[in-house]
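Report on the structure given below.
Protein chains in written order, with the numbering used here: chain V, 1353 to 1711; chain Z, 28 to 637.
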């Protein structure tokens, strides 16, 4: 089986979607019947050192027109393909065209908010043509079924996976404790981009919860990792609440330090409202950290409806305070691991879906 | 007839099944099965099946469900009746299969062991079942060809849940009440919610005549194991001209075979008798065949206000019952009782529907008579061309075909109607859609059967919801595709539309919820694939007129002459007046009486949905 993958980014890319795509390609590479997966990315931010076997990643094209032309040429040059995999809903029309051209089905991958509302009626028409839609969460699945007249049986959930050999419980990193001045403190952590458009991650709510929490946990600190356009807003909010010593914005943390970053925390908190899935929850869970998430989006999936962590109303401050207090009092051995979302489960599930496609 | 449910946490990330959840869904269906309840949970905690039992065949504990095979690898929950279970059992026994009970449930289990999913096509009867195959780690769901028994499901991407009732599934905290606009607009266009939609986004119906597997990746596409289109085509290919004098004999033999099959029961079976041809014929043929041991019990629903008037069903029904030596019970419905029961009717109504109230009361009467099972004449009109649609739809199509080819003629006529004709209130508002829909069989059918026209919905639903709902529903495309492959004649096309839309989504659904509310099983000998297969070659060559007096004429000796000539009145007339007076607090005008179903639809929607 040969798969042509139209993706925004994969190897050399940053963020949750790139990570998902890498897992998807690595899984394809490990499936016996897959002969080849050719990836055409829109961008590559970092250097790419090694690709999984059977995976070919071509040079990126950011320009939509150039990308489309290259996709057509790739379909002809590297084909024949059995599946056209469309990694983003905005490339649906192109995927449909290629699928028509090679007379094979196309699959659509949906992640989060990009698939929650109907972009346009034309786009909906192309979404309907997908032979299979893979969604990262039940929430995104429900959303796309609500606006696109697709057969629900063609929408399957393939959740994000977490690398449990990399993210695992361990001692707090001395150097990070020193660097951020949180030694002997209890640490709340959020890891995410700080884009203005992503203000719904819930940082502000956690900051508003801090004064109340500090009364009970005076050595509590809130570490915010990530950068983005919303940083200055958060800094102002911290100042306004006079929490300069208690809330620490540590900026972008390099990939290699991430396992240590999670282990530093006593609770991972992100009462988000627009999460497609939230791979950071899995990384925190795999690191043995209690997790608190919002109950109104895809976050309920990594938390398995509350079995893996605590779900709160992301609009309710008291709900959040109560949940944090509860989690901070938990001992480590009460924490559930994230092994459900292992890469091997991800791969096995994808393999079953591919087998269905062959039938 | 029973209530079935189940939960399958098929995804690797899904949590184990909650016992409380299964029980709360199951026990919401207590009226469907007051005689017993059962449950089964898999050892790994990922699968659960639940059952409420109305014991009719094999009243002992060996007929209880969920039922498993010897090694426990197959577990079955089943709702319905298999009328050929004795024949199938004999056939299996000759192949060396051993049985441990005398129930029809076990026959399904054994058939599956022998034939896998192809077992469905061997069953004669009404059924909806779910069978867990632990060797395959998969669940098989199936529903009878006509859609007599319901089966609804919800698949959230991790966990699959199913039940015999929509409202039972809503007992699960994981299933939301978010509206499905396709189902809602469908209800207002047709008067019932068209499958596979329900009025909730999370819940869908397994289409009639389909089987579906649910595996580790969730529900797979339906497999149609029976279509009426194919059956019609086969029937037409074997169309036979039977001599007039032999027609009666031929029909009688086919009907008696179906009646005999539908009388299979370990409890007494009664009859719903109106003053119409269908139910009278059923009763008369049963009496002639003398297949029943003991006296036949017939029940008629009549209205206090009609006593002594021509609309009264009771006197004619009484004559028929007397000629068949049946024990006859007339249940007179008073206005006060109707008002009193209205909240219970809304509660029992699983999906909004503009009909079913009559079945509700006659089932109540059957229960009062101590009956658990009754035969009904439902489905006769589809078979004998009793609906005026059989003559009106072809005429409409011929009349409108050419004008409908003119670009924008449909829209222009609609505006013409709205500006010049509507103020006079002479024509029904559906008249506006004459050239928009009348030019095709499916469009003309929509005109004939429709409740509201699509453009009228915005009068009481938000415009945005209407547009979205109509687009998701795609009613005309669905109507059109139900005629593919083309069954080959006008009679067959309209019969298919009536069977697959009106009968399936309205009459059979109403029969189910309304009878189940009183724990009564209603059987429909006219809705039988074997009977259908026998009659189609004959009906295909007969000239149908939209009037079923022809069938009455063949069986003149079975029923009074005035019954054959009697115009169809139905049960709706007094109820529409009562409803109007209850809702509006004043008497109904003539114009309002033409449109009463529309007023009722809105009340039902608000009442049943709430």
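Where is the CB? At the ideal position from N, CA and C, for every residue including glycine.
- DSSP lists V:1644 as the beta-bridge partner residues of residue 1662 (chain V).
- Within 10 angstroms of the beta-carbon of residue 553 (chain Z) lie 16 or more other beta-carbons, which makes it buried.
- For residue 139 (chain Z), the three-state secondary structure derived from DSSP is helix.
- At a cut-off of 8 Å between C-beta atoms, residue 161 (chain Z) does not count as an interface residue with respect to chain V.
- If you check the CB distance, residue 403 (chain Z) and residue 538 (chain Z) come in under 8 Å.
- At the C-beta level, residue 58 (chain Z) and residue 546 (chain Z) come within 8 Å of one another.
- Chain order gives the chain Z residues near residue 1705 (chain V) as 244, where near means a beta carbon separation below 9 Å.
- Where residue 1573 (chain V) is concerned, the enclosing beta strand (DSSP E) starts and stops at 1572 to 1577.
- Pairing residue 187 (chain Z) with residue 37 (chain Z) gives a Cβ-Cβ distance under 8 Å.
- Flagged as an interface residue toward chain V: residue 247 (chain Z), by a C-beta distance shorter than 8 Å.
- Between residue 105 (chain Z) and the set Z:70, Z:120, Z:178 and Z:40, the nearest pair of CA atoms involves Z:178.
- The Cβ-Cβ distance between residue 535 (chain Z) and residue 175 (chain Z) falls below 8 Å.
- Annotation: the region 1476 to 1554 of chain V contains the following complete segments of the beta strand (DSSP E) (minimum length 3 residues), in chain order: 1484 to 1487, 1507 to 1509 and 1538 to 1543.
- Under the 8 Å criterion on CB atoms, residue 185 (chain Z) is classed as interfacial with respect to chain V.
- For residue 383 (chain Z), the CB contacts under 6 Å within the same chain, skipping 5 residues up- and downstream, are 537 and 541 in chain order.
- At a cut-off of 8 Å between beta-carbon atoms, residue 1501 (chain V) makes contact with chain Z.
- Within the region 498 to 512 of chain Z, those residues whose Cβ lies closer than 9 Å to any Cβ of chain V are, in chain order, 498, 499, 500 and 501.
- Residue pairing by DSSP places residue 1359 (chain V) opposite V:1393 in a beta bridge.
- In this model, residue 145 (chain Z) and residue 125 (chain Z) are separated by some 20 Å (Cα to Cα).
- With fewer than 16 other Cβ atoms inside 10 Å of its own Cβ, residue 568 (chain Z) counts as exposed.
- Under the three-state reduction of DSSP, residue 153 (chain Z) is assigned to strand.
- Beta bridge pairing from DSSP links residue 241 (chain Z) with Z:166 and Z:246.
- Within chain V, no residue has its CB atom less than 8 Å from the CB of residue 490 (chain Z), the nearest being about 16 Å off.
- For residue 228 (chain Z), the neighbours in chain V by C-beta distance under 9 Å run, in chain order, 1494, 1497 and 1498.
- At a cut-off of 8 Å, the C-beta of residue 252 (chain Z) has no neighbouring C-beta in chain V.
- Residues of chain V whose Cβ lies closer than 7 Å to the Cβ of residue 39 (chain Z) are, in chain order, 1692, 1697 and 1701.
- By the beta-carbon neighbour count (other beta carbons within 10 angstroms, threshold 16), residue 511 (chain Z) is exposed.
- Rounded to whole angstroms, residue 1653 (chain V) and residue 205 (chain Z) show a C-alpha spacing of 20 Å.
- Collapsing the DSSP output to three states places residue 179 (chain Z) in a strand.
- Between residue 1546 (chain V) and residue 1368 (chain V), the alpha-carbon positions lie close to 14 Å from each other.
- For residue 1471 (chain V), no chain Z residue has a C-beta closer than 9 Å to its own C-beta; the minimum C-beta separation is roughly 15 Å.
- Nearest CB-CB separation between residue 42 (chain Z) and chain V: below the 8 Å threshold.
- Going by C-alpha positions, residue 1361 (chain V) is about 21 Å away from residue 1431 (chain V).
- For residue 356 (chain Z), the enclosing beta strand (DSSP E) stretches over residues 354 to 360.
- Classified as exposed, residue 272 (chain Z) has fewer than 16 neighbouring CB atoms from the shown chains inside 10 Å of its CB.
- Residue 1555 (chain V) and residue 1586 (chain V) do touch by the CB rule: their CB atoms are close to 6 Å apart, below 8 Å.
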